Ligand code: ADE
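Residue numbers (this note's numbering): 223 to 445.
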């Protein structure tokens, strides 16, 4: 998968993308991330990416020209999915992440300041995605969250063991409880079944617990 990220802060992504699963995904050539500085697509000497809003009001609005130019330069012959990160978008969830993990090319546009010129939303973006009902200072963190959620679902990114677990428990259930050594920590004991070595029983217990946890904490997921 190829992911282009259009942002005015390309540097803030690097430390996160260069660690852990995302690093592995890139090293395995399952994922390529390209950071695109909006300023590189401006046409003026000052590399201006924003301007005052028509009609007045506080703050600045990200201008359409550099964003359109960036997308037009990046887009390949094959269709890329262009996503605007914004609090107005549809909320990202596991199902949407799963759907996006099948795309070959994503172009993520990170909004900033008071907003993005509406024509980006209307005439450029295929989809608008939010990561939750709160307002961030920009789309950068949201883009990182989206990349993280999607990258781990690309086939071959996680090891066999992890992907198997992903498949059996992913969409509608929360995780079952996990324990590691010691079996008795300050008097808190690990459920005996997990020490039994009976894999069939352990699987049954885990399914039951996942269901129980979901029913208790997130009953809405079971609907
Ligand atoms: N930009 C600002 N807030 C956001 C949010 N909640 N999701 C996606 N992009 C955003």
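Ideal Cβ positions, reconstructed from N, Cα and C, are used throughout, including at glycine.
Here the structure is a predicted model, which means the values were calculated and not measured.
- Message: Just to confirm the assignment: which complete beta strand (DSSP E) runs, minimum length 3, are found wholly within the region 233-291?
- Response: 254-259
- Query: With 16 other CB atoms within 10 Å as the buried threshold, where does residue 404 fall?
  - Reply: exposed
- Query: For residue 415 versus residue 348, is the C-beta spacing smaller than 8 Å?
  - Reply: no
- Query: Which one or two residues does DSSP pair with residue 328 in a beta bridge?
  - Reply: 225, 303
- Could you tell me the distance, in whole angstroms, from the CA atom of residue 356 to the CA atom of residue 381? 34 Å
- Message: Would residue 342 and residue 296 be called neighbours here (beta carbons separated by less than 8 Å)?
- Response: no
- Beta carbon of residue 396 nearer than 8 Å to that of residue 432: yes
- In its own chain, which residues sit with a C-beta less than 7 Å from the C-beta of residue 378, not counting the 5 before and 5 after it? 250, 252
- Message: If you measure between the beta carbons of residue 332 and residue 264, is that distance less than 8 Å?
- Response: no
- Task: Would you mind stating whether residue 273 and residue 285 have Cβ atoms separated by less than 8 Å?
- Result: yes
- Residues of its chain near residue 412, where Cβ-Cβ distance is below 6 Å and the 5 sequence neighbours each way are ignored: 401, 405
- According to DSSP, is residue 411 helix, strand or coil? strand
- Item | Extent of the continuous beta strand (DSSP E) run through residue 418 | Counting along the chain, residue 418 falls outside any beta strand (DSSP E), and DSSP gives it neither H nor E.
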